[in-house]
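In this note's numbering, the protein residues as written are 1139 to 1291. Here the structure comes first, spelled out in structure tokens, and everything after it is commentary.
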């Protein structure tokens, strides 16, 4: 009768399985990092469109990837989207302010009761892409009025 072959050291199989699992996990992490979409957008117009889309959708995650991580805290995007949503904005629109030294993106929205809310961020280059600087842009041209809002109140 043929004798079945047995592993003399089944304990050596456990570390081998562990190593295979570890290598597989590391490969998965590396591939996901390499395929991750970079923050920001390649052009100012695309940044403006992406900001408008994220805010219209109330998507804090999408908005967060458009804000420079060096100038914002972990909850910056979520807090901003939450505050904007509380105003029940209608007709959110963005405008690119093409200032020579300090380009900016302005968001303007009509709110319940006939008011207007607006925010302006400087647009900066980070790793070759455009992102919003979380520090508010300095108003040099009448604030939101340049983007269609009325800031005379």
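Cβ atoms here follow ideal geometry from the backbone N, Cα and C, with glycine treated the same way.
Compare the beta carbon distance of residue 1246 and residue 1231 with 7 Å and say whether it is the shorter of the two.
Residue mapping note: residue 1246 aligns to position 108 of the chain shown, counting from 1. Residue mapping note: residue 1231 aligns to position 93 of the chain shown, counting from 1. Going by C-beta atoms, residue 1246 is nearer than 7 Å to residue 1231.
Where the beta strand (DSSP E) through residue 1267 begins and ends: Here the question's residue 1267 lines up with position 129 in the chain shown. Note, residue 1267: beta strand (DSSP E), 1267-1274.
query = Whole-angstrom Cβ separation of residue 1177 and residue 1203, contact assumed at under 8 Å?
reply = Working through the chain shown from its first residue, we reach residue 1177 at position 39. Working through the chain shown from its first residue, we reach residue 1203 at position 65. Right, their Cβ atoms sit about 5 Å apart.
message = Rounding to the nearest angstrom, what Cα-Cα distance links residue 1276 and residue 1167 in this structure?
response = In the chain shown, the residue the question calls residue 1276 occupies position 138. In the chain shown, the residue the question calls residue 1167 occupies position 29. Straight-line Cα distance between these residues: approximately 41 Å.
- Message: Just verifying my parser: in three-state terms, what is the DSSP assignment at residue 1207?
- Response: As a working note, residue 1207 is residue 69 in the chain shown. Residue state, collapsed to three classes: coil.
*Return helix, strand or coil for residue 1150, following the three-state DSSP convention.*
Position 12 of the chain shown holds residue 1150. Reduced to three states, the DSSP call for residue 1150 is helix.
query = Which residue or residues does DSSP assign as beta-bridge partners of residue 1235?
reply = Position 97 of the chain shown, counted from the start, is the residue given in the question as residue 1235. DSSP lists 1242 as partners of residue 1235.
Taking 8 Å as the limit between beta carbons, can you name the residues of its chain near residue 1163, skipping five residues before and five after?
Here residue 1163 refers to the residue found at position 25 of the chain shown. Here the set comprises nothing.
message = Within 8 Å, do at least three Cβ pairs link the stretch 1255-1271 to the stretch 1235-1242?
response = yes
Query raised in the report: Along the chain, where does the alpha helix (DSSP H) that runs through residue 1221 open and close?
Result: Position 83 of the chain shown, counting from 1, holds the residue named residue 1221. Note, residue 1221: alpha helix (DSSP H), 1214-1224.
If the criterion is Cβ atoms closer than 7 Å, does the pair residue 1225 and residue 1254 meet it? For the purposes of this step, residue 1225 is taken as residue 87 along the chain shown, with counting starting at 1. For the purposes of this step, residue 1254 is taken as residue 116 along the chain shown, with counting starting at 1. Cβ distance not < 7 Å, so residue 1225 and residue 1254 don't count as in contact.
Once DSSP output is grouped into helix, strand and coil, what is the label at residue 1175? Mapped onto the chain shown, residue 1175 falls at position 37. Residue 1175 falls in the coil class under three-state DSSP.
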